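Novice: This is the structure I have questions about; it appears just below.
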Amino acid sequence: MDPVDVLRVLGNKYNAEILEATHAPKSAQELSEELDIPIATSYRRIEELSEHDLLKLEGKELSDEGRRTKVYRRQVDEISVQFGVDETTIETTERTEAKNALVDVWSDLRSEG
529 MDPVDVLRVL
539 GNKYNAEILE
549 ATHAPKSAQE
559 LSEELDIPIA
569 TSYRRIEELS
579 EHDLLKLEGK
589 ELSDEGRRTK
599 VYRRQVDEIS
609 VQFGVDETTI
619 ETTERTEAKN
629 ALVDVWSDLR
639 SEG
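Quick note on our numbering: the sequence shown kicks off at 529 and runs consecutively.
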């Protein structure tokens, strides 16, 4: 990942909020409603974050209307930027499958209760 590109992407309006919200899989529509952003913007930001490997397509879920909807989850839990004299470096802590599974179980338990 190019550090300057990642910083630029993170600086775009709504991107940080989308990454925060996608600890569990969310559709573009869910993000639009939850974050109060236009649906077209939601799709554009999802595409941008996905292109930079910060968000990934998790799969498809059945929506309330009975349609298959793509859902996305963030790929990273932490981003560290270090500014040096000659270069800027970036380190990411990627989410593990185990953490994703725990979030899914916890979400399921909360929605049943």
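For glycine and all other residues, C-beta sits at the position ideal for the given N, C-alpha and C. The model shown is predicted, which means the values in this text are computed figures rather than measured ones.
#1: Only counting the same chain, and skipping five residues up and downstream in sequence, which positions put a Cβ closer than 8 Å to that of Ser-555?
#2: With distances taken Cα to Cα, identify the nearest neighbour of His-580 among Val-613, His-551, Thr-617 and Arg-602.
#3: Lys-541 bridges to which residues according to DSSP?
#4: Cα separation between Asp-614 and Pro-531?
#5: As an exercise, report each continuous beta strand (DSSP E) stretch of at least 3 residues that is fully enclosed by the stretch 559 to 613, in chain order.
Specialist: The structure says:
#1: Within the sequence shown, numbered from 1, the residue matching residue 555 stands at position 27. Non-local C-beta neighbours of Ser-555 in its own chain, meaning closer than 8 Å and more than five positions away in sequence, comprise Glu-589, Ser-591, Thr-597, Lys-598, Val-599 and Tyr-600, ordered along the chain.
#2: Locating residue 580 in the sequence shown gives position 52, counting from the first residue. The candidate whose alpha carbon is nearest that of His-580 is Arg-602.
#3: Reading the sequence shown from its first residue, position 13 is the one you call residue 541. Note: Lys-541 sits in no beta bridge, so no partner.
#4: Walking along the sequence shown from the start, residue 614 turns up at place 86. Walking along the sequence shown from the start, residue 531 turns up at place 3. Counting only the Cα atoms, Pro-531 lies some 13 Å from Asp-614.
#5: Within the stretch 559 to 613, the complete beta strand (DSSP E) runs of at least 3 residues are 583 to 590, 596 to 602 and 604 to 611.
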